[in-house]
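Colleague: Numbering (our numbering), first residue to last: 800 to 1217.
Let me begin by handing over the structure; questions about it come next.
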Ligand code: GUN
Ligand code: FE
């Protein structure tokens, strides 16, 4: 048994923040949370780890990012989505045919994720099977857990990055076989988005998802040009989401990135099928996709999480993804003369932490009986505050200001990894 002492902060529910000054987390021998207590108990056989006056809070979850876009942060940011993909993105991803390049890049990404306090991810790789396996190895080595998808894309990507329908199927099966060795990283089926996949491939992936009980991730209603293209490709579908539903890809725990332009009917379909929204505010502003109606989705009961969307988003640090989602919601708030409510810091932290942990089976912040995913934040290294702060204020300031230098320890799946 281990007992971790520190100032505990977590968000069990949307809009609820629990703070415990000098509290304690009790971990069993498997690294699972056995108890969250206001005062450390006395146990002769427990190992005590005292984090003193530091903050002990649930780690971050990045529910949407593209690993092979890590080398192109901040590039092509003035282009709209489809041009950005064709001009920059596909060319960058094509480099991951080179496994040495993949190893170097993915080791750096995995290290940057874990030292930044992101312990769970739902991630896109490229279409390359070998580079995808290297990505999974590097995440496991660093202590990052979650889901990774080999991308399927058999049309509309130009010459540089293409697989035939047959190759895509064959490589997906080879990848799934090779994934069995991973303990903390699981495969997720990843049709890039409707414009990138033939109907034959979409139908095959839908059947495979059903047959092997595999989860699915993709993109939805991100940008006007994209939505018009999808309409052209699937004139029989009234809405974008139906192009996934038609092939069995719209199901419980499917993750859809963006959903910027999802109207009431599309949101109803998200809710009804328990499809998870990965909201990527930074990316949506960078490439002028729009501002997603997150507050409306939350009011309606849609499951919303946050993603950095590297490299549409240029920032990997999830605390900054959280503050960006607050700012995006405030833009909507101001544009509607206060009618649309904005996200508070407590709410946005819930989305970037607890809502994502739920996707992997944990709930309620520090969930009893679930492996610990936590960060230890030393806010004494931040700019000196104007006065003595409450724990609630220290939490808010940390979310706005922290960088890696403030993150002094990271726990992932019950193990201390930083
Ligand atoms: N839609 C399809 N592929 C991508 C991608 O790589 N990034 C973003 N932002 N949207 C996409
Ligand atoms: Fe994306």
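C-beta atoms are modelled at their ideal positions from N, C-alpha and C, and glycine is treated no differently.
(1) Grab the span of the beta strand (DSSP E) containing residue 923 for me, first residue to last.
(2) Note down, in chain order, each residue of its chain lying with its Cβ closer than 8 Å to the Cβ of residue 943, except the 5 sequence neighbours on either side.
(3) Using a threshold of 8 Å, is the CB atom of residue 866 nearer than that to any non-hydrogen atom of the ligand FE?
(4) I need the DSSP call for residue 985, collapsed to helix, strand or coil.
(5) Which residue's Cα is closest to the Cα of residue 1093: 968, 1105, 823 and 936?
(6) Please report the distance separating the alpha-carbon of residue 1013 from that of residue 1075.
(7) Quick check on the DSSP output: what are the complete beta strand (DSSP E) runs of length 3 or more inside the segment 1087 to 1145, in order along the chain?
(8) Would you tell me roughly how many angstroms separate the C-alpha atoms of residue 883 and residue 1084, rounded to the nearest one?
(9) What are the partner residues of residue 1208, as DSSP defines its beta bridges?
(10) In chain order, which continuous runs of the alpha helix (DSSP H) of length 4 or greater are located wholly inside the segment 1033 to 1071?
(11) Per the contact definition of three or more C-beta pairs closer than 8 Å, is the segment 872 to 886 in contact with the segment 822 to 830?
(12) If you follow the alpha helix (DSSP H) that residue 976 is in, where does it begin and where does it stop?
(13) Per the DSSP calculation, residue 946 is bridged to which residue(s)?
(14) Mind checking whether the beta-carbon of residue 1221 lies closer than 8 Å to any heavy atom of the ligand FE?
(15) Using 9 Å as the threshold, is the C-beta distance between residue 863 and residue 935 below it?
(16) Starting from residue 1017, follow the beta strand (DSSP E) in both directions and report where the run begins and ends.
(17) Under 8 Å by Cβ, that's how I've got residue 805 and residue 1175 pegged, so tell me the actual separation to the nearest angstrom.
(18) On the DSSP bridge assignment, give the partners of residue 859 in chain order.
(19) Taking 9 Å as the cut-off, decide whether the C-beta atoms of residue 866 and residue 1216 are in contact.
(20) Considering residue 834, what are the terminal residues of the beta strand (DSSP E) in which it resides?
(21) Nearest to residue 1167 by CA position, among 818, 814, 946 and 857, is which residue?
(22) If you run the structure through DSSP and keep just helix, strand and coil, what is residue 1012?
(23) Count the other CB atoms within 10 Å of the CB of residue 959; is the residue buried (16 or more) or exposed (fewer)?
Modeller: On the basis of the coordinates in this document:
(1) The residue you call residue 923 lines up with position 124 of the chain shown. Looking at the DSSP string, the run of the beta strand (DSSP E) that includes residue 923 is 917 to 923.
(2) Taking the first residue of the chain shown as position 1, residue 943 is located at position 144. Here the set comprises 909, 912, 913, 917, 918, 919, 920, 983, 984 and 1211.
(3) Mapped onto the chain shown, residue 866 falls at position 67. No, the Cβ of residue 866 stays beyond 8 Å of every heavy atom of the ligand FE.
(4) For the purposes of this step, residue 985 is taken as the residue at position 186 of the chain shown. Three-state result, residue 985: strand.
(5) In the chain shown, the residue the question calls residue 1093 occupies position 294. Nearest of 968, 1105, 823 and 936 to residue 1093, Cα basis: 1105.
(6) Residue 1013 sits at position 214 when you count from the first residue of the chain shown. Residue 1075 sits at position 276 when you count from the first residue of the chain shown. One C-alpha to the other measures close to 15 Å.
(7) 1102 to 1105
(8) Numbered from its first residue, the chain shown carries residue 883 at position 84. Numbered from its first residue, the chain shown carries residue 1084 at position 285. Going from the Cα of residue 883 to the Cα of residue 1084 covers about 14 Å.
(9) Within the chain shown, the letter at position 409 stands for residue 1208. Paired residues: 1175.
(10) 1039 to 1044 and 1063 to 1071
(11) no
(12) Within the chain shown, the letter at position 177 stands for residue 976. Here the alpha helix (DSSP H) through residue 976 covers 964 to 977.
(13) Stepping through the chain shown from its first residue, residue 946 is reached at position 147. In the DSSP output, where bridge partners are listed per residue, residue 946 has 921 and 985.
(14) Because the chain spans 800 through 1217 in this model, residue 1221 falls outside it and cannot be assessed.
(15) Taking the chain shown and counting its residues from 1, one reaches residue 863 at position 64. Taking the chain shown and counting its residues from 1, one reaches residue 935 at position 136. No, the pair does not count as a contact, with Cβ atoms beyond the cut-off.
(16) Against the chain shown, residue 1017 aligns to sequence position 218. From DSSP, the beta strand (DSSP E) with residue 1017 extends over 1016 to 1019.
(17) Taking the first residue of the chain shown as 1, we reach residue 805 at position 6. Taking the first residue of the chain shown as 1, we reach residue 1175 at position 376. 6 Å between Cβ atoms; contact.
(18) Walking along the chain shown from the start, residue 859 turns up at place 60. Looking at the DSSP assignment, residue 859 forms a beta bridge with 917.
(19) Looking up residue 866 in the chain shown gives position 67. Looking up residue 1216 in the chain shown gives position 417. No, these two residues do not count as a Cβ contact at 9 Å.
(20) Counting from 1 along the chain shown, the entry for residue 834 is found at position 35. Taken as a continuous stretch (DSSP letters only), the beta strand (DSSP E) holding residue 834 covers 832 to 836.
(21) Position 368 of the chain shown holds residue 1167. When each option's Cα is compared against that of residue 1167, the closest is 857.
(22) As a first step, residue 1012 is located in the chain shown; it is residue number 213 there, counting from the start. Of the three classes helix, strand and coil, the one that applies to residue 1012 here is coil, per DSSP.
(23) Taking the chain shown and counting its residues from 1, one reaches residue 959 at position 160. Residue 959 is exposed by the Cβ-count criterion.
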